[in-house]
Structure formats: C-alpha cells, structure tokens
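Position 59 (the sequence shown) corresponds to 309 in my numbering; numbering is contiguous. See structure below.
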Amino acid sequence: VKDYLEKEKCPGTVIFYGCPGEEGGSGKAFMARDGIFDELDCAITWHPWDLNFTSYETSLANYQVAYRFKGISSHAASSPHLGRSALDAVELMNVGVQFLREHVIDSARIHYAITNTGGFSPNVVQPQAEVLYLIRAPKNQQVQEIFERVNKIAQGAALMTETVMEYDFIKSCSNMIPNYRLCQLLQEKMEEIAPPTYTDEELSYAKAIQASFESPSNPYEEKLPHYSKKDADFLKSQFGKPIFDFVTPLAQQIGPMGGSTDVGDVSWVCPTAQIMTTTKAALTPAHSWQQTAQGKCSIAHKGMLYAGKVMAAAAIELIESPSIVEEAKQEHRDTLGGAVYHCAIPKDVRPRSIAPSK
C-alpha cells in the first residue's frame with residue numbers, strides 16, 4: 251500500500267501494527283487502553299481460519315482473573331485442625347460459581363482452570379492454591395457485573411476456610427462492534443481477488459490431517475439460516491472439500507461468534523472489520539495440535555498472502571474513496587449511540603505471559 255501511495259502520489263497514511271499476544275494476552279486491548287489506535291480513521295485486520303469469509307459478527311467481552319488463596323500448612327493426619335486449606339478454598343469457590351451459573355444471563359460463560367493445587371501430597375494441608383477464571387458475556391458491563399459477583403464468592407470461600415484471598419486482574423477484551431460498510435468493502439475485495447488453489451499434495455496433506463481427528467459436526471451448518479437459499483445451497487455443496495477454497499458469501503449479522511477477540515477493543519475506538527482466510531484443513535479443531543502442525547505449511551502461507559492482498563486492496567480503496575470512510579464512521583457513531591470506550595484493564599497492569607504461581 252505504501253508503494254502504491256508513493257507511485258500514485260496519493261495522500262494518506264497506512265500504519266502496520268504488530269499485535270502480540272492476541273490469543274491469551276489480548277495485546278490489542280492493552281494497546282487500545284494506551285491510545286495506540288486513537289489516530290486511525292479505520293482499522294482492518296485478519297485471522298487465520300479454515301474458511302475464507304468476512305466476519306460480520308459480534309464477540310463476547312471477557313475478563314481473565316487469577317484468584318490466589320493462602321492458608322496454613324500442617325500434617326493432614328496428625329494435626330489437621332491446625333491447617334487452613336487454600337485448596338479447599340479454591341474448590342469451594344468453584345462450587346459457588348457453579349451455583350451462580352443459574353443466576354446469570356444465558357449468553358454468559360464462566361470458565362476456570364486450577365493452576366496451582368498447592369502441592370502433590372494429599373498428606374499435607376495445602377497452604378496455597380490458585381484458580382484462573384475467564385468470564386465472558388456479550389457486553390462489557392455484563393462481564394463487570396458477573397466479575398463482581400465472582401469476587402464475592404471468592405471472598406466467601408476465604409471466609410469459610412479462614413484463608414486469605416487476593417485476585418490478579420490479567421486482562422480483558424471488549425465486545426466487537428461490527429461495521430457493515432467496512433465488511434461490504436472487504437467482501438468485495440475477497441470476491442475480486444481469486445482465493446488460493448491447492449495442489450494434489452496439499453489436498454492429500456489436508457485429508458491426512460482430517461484423518462487424525464474425530465470428524466466433528468460442521469458448525470457452519472448452524473449458520474446457514476442466515477443466508478439466502480441460493481447462498482446456503484452453494485455452501486452446502488462445498489462443505490465436503492478437504493480444504494475450503496471458496497469465498498463465503500457475506501451474511502447478515504449472525505450474532506456473537508461465541509469466542510472473544512482483542513479486535514473488539516480496536517472496534518470501539520474506530521470503525522473496524524476483519525476477514526478470515528483458509529490456512530488449514532477444513533474443520534480442523536481450534537487450539538489443537540493439528541492446527542499447530544499446519545502453522546507453517548503451504549496452505550497457511552497461501553492463506554496469509556491472500557489476506558494481505560485483500561486487506562491491501564481494501565486499504566487503497568478507503569484512501570481513494572473518502573466517502574466510504576465517512577459512511578463507516580457514521581455507522582460506527584450510530585452503533586455506539588454515544589457510548590464511550592473504557593478498557594477494564596487497570597492502568598498499572600502490564601501485558602505478561604500467563605503462568606501458574608509457584
């Protein structure tokens with residue numbers, strides 16, 4: 251894009267952001283908190299997937315928080331009355347949250363992983379333990395409300411076990427604010443630029459990958475009602491391929507994607523849109539070893555280069571057609587309805603890798 255602007259003597263600025271830690275660290279949320287995207291008119295991005303499509307979807311906002319309990323160690327047989335079990339506190343907190351699930355909105359999700367049990371010996375009252383929580387809901391404020399209730403449950407677990415609780419706010423993601431005008435533009439470019447084709451060797455490789463995992467039900471079939479009959483019939487005719495080599499028609503908004511993304515924070519700051527491109531065998535489970543194994547294969551490289559071409563073409567059109575930028579901005583203002591971006595990550599929290607406490 252830079253070379254094009256210089257060659258055509260076209261005024262405009264293109265900024266390429268390196269955005270680390272998208273998956274577990276929410277790097278873009280920290281960047282948005284610190285104003286890195288404030289100067290943008292529009293943002294376009296991509297995500298590797300098993301399908302070529304423009305993502306006109308919302309996402310779930312989330313908080314990730316570590317809860318740590320400290321107790322008193324003692325011999326579990328000779329002096330159990332002297333111990334105060336941090337592991338008991340973690341278990342009681344988890345039980346409390348299980349009961350909370352009945353009393354939150356249906357679209358909320360609360361996940362946890364015990365990251366520190368305090369030790370491997372059952373003969374000792376565990377003096378420390380930790381559990382990592384991920385709280386999700388369609389909107390930021392809904393996550394905040396559930397977070398406050400989870401905190402009270404953690405405090406209650408500490409009271410019941412006479413332990414001390416502290417929590418560590420790791421990161422958050424805002425819900426995605428989709429922008430249909432930008433999605434239309436990206437979809438046009440995806441359809442103008444031919445998607446990659448694949449060799450017999452690549453198709454055989456994809457089939458071998460598919461043979462290594464249990465064939466799941468096709469999640470895309472659930473979204474077919476959001477398409478016209480013509481588009482739905484087209485998609486059904488393509489679903490048997492080992493590599494999805496077609497461009498998915500643009501659907502009306504399908505709803506929350508089910509997961510979360512730090513792109514959501516950028517979308518609160520400026521009009522934002524995202525494409526997905528095929529970088530792996532069809533229906534490869536996300537976050538699996540099969541996905542990791544395909545990360546450097548030629549299928550992934552082709553998908554990455556295709557995404558780059560589509561985004562570059564869209565960026566050039568935005569610079570050459572200011573009216574599209576204004577339409578996207580007006581839609582963004584209308585969607586927000588006066589709401590203002592607020593990042594839930596405290597100012598003193600810095601990005602870091604997630605690891606259990608020692």
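Ideal Cβ placement from N, Cα and C applies to all residues, glycine included.
Worksheet item: What does I493 pair with, by DSSP beta-bridge criteria?
Response: DSSP, once it has assigned bridges, lists no residue as partnering I493.
Worksheet item: How do the stretch 390-407 and the stretch 567-577 stand: do at least 3 beta-carbon pairs fall below 8 Å, yes or no?
Response: no
Worksheet item: Can you tell which of T295, S371 and G321 has the C-alpha that lies nearest to the C-alpha of L409?
Response: G321
Item to complete: Using only alpha-carbon positions, find the residue among A407, A444, A379 and V315 that is nearest to V393.
Response: V315
Practice prompt. Spell out a yes or no on whether the stretch 424-438 and the stretch 298-308 are touching, meaning 3 or more CB-CB pairs, one atom from each, closer than 8 Å.
Written response: yes
Discussion item. Can you find the residues in the same chain that come closer than 8 Å, C-beta to C-beta, to T534, ignoring five residues on each side of it along the sequence?
Written reply: D300, I459, Q460, F463, Q540, Q541 and Q544
Worksheet item: In three-state DSSP terms, what is T542?
Response: helix
Worksheet entry | For S335 and V381, believed in contact at Cβ under 8 Å, the rounded distance | Between S335 and V381 the Cβ distance is about 14 Å, and since that is not below 8 Å, they are no contact.
Item to complete: Please classify I403: does DSSP put it in a helix, a strand, or coil?
Response: helix
Worksheet item: Alpha carbon to alpha carbon, how far is N366 from A379?
Response: 5 Å
Worksheet item: Among all the DSSP beta bridges, which residues are the ones paired with Y313?
Response: I385 and S422
Worksheet entry | For Q524, the first and last residue of its enclosing beta strand (DSSP E) | T522 to T528
Worksheet item: With 16 other CB atoms within 10 Å as the buried threshold, where does G285 fall?
Response: exposed
Worksheet entry | Validate contact between the stretch 400-407 and the stretch 261-275 using beta carbons, cut 8 Å, 3 pairs | no
Practice prompt. Assuming T304 contacts L436 (C-beta within less than 8 Å), just tell me the rounded distance between them.
Written response: 5 Å
Discussion item. Using only the alpha-carbon positions, how far apart do R386 and G262 sit?
Written reply: 38 Å
Fill in: Pick from R602, P601 and K252 that is closest to I265, judged by C-alpha positions
K252
Worksheet item: Among R359, S328, E289 and G558, which residue has its Cα nearest to the Cα of S510?
Response: R359
Worksheet item: Looking at T528 and F494, is the spacing between their C-beta atoms short of 8 Å?
Response: yes
Practice prompt. With DSSP as the reference, label E416 as helix, strand or coil.
Written response: strand
Worksheet item: Using the beta-carbon count (16 or more within 10 Å), is I294 buried or exposed?
Response: buried
Worksheet item: What's the gap between the Cα of V340 and the Cα of P596?
Response: 24 Å
Worksheet item: Would you call the CB atoms of P298 and G508 closer than 8 Å?
Response: no
Worksheet item: Is it the case that the Cβ atoms of P445 and F496 are separated by a distance below 8 Å?
Response: yes
Worksheet entry | Range of the contiguous alpha helix (DSSP H) that encloses I364 | Careful: I364 lies outside any alpha helix (DSSP H), inside the beta strand (DSSP E) at R359 to N366.
Practice prompt. Out of L342, F349 and F287, state which residue places its alpha-carbon closest to the alpha-carbon of C269.
Written response: F287
Fill in: Alpha carbon of H325 to alpha carbon of I604, nearest angstrom
31 Å
Worksheet item: If you draw a straight line from the C-alpha of C547 to the C-alpha of A532, how long is it?
Response: 14 Å
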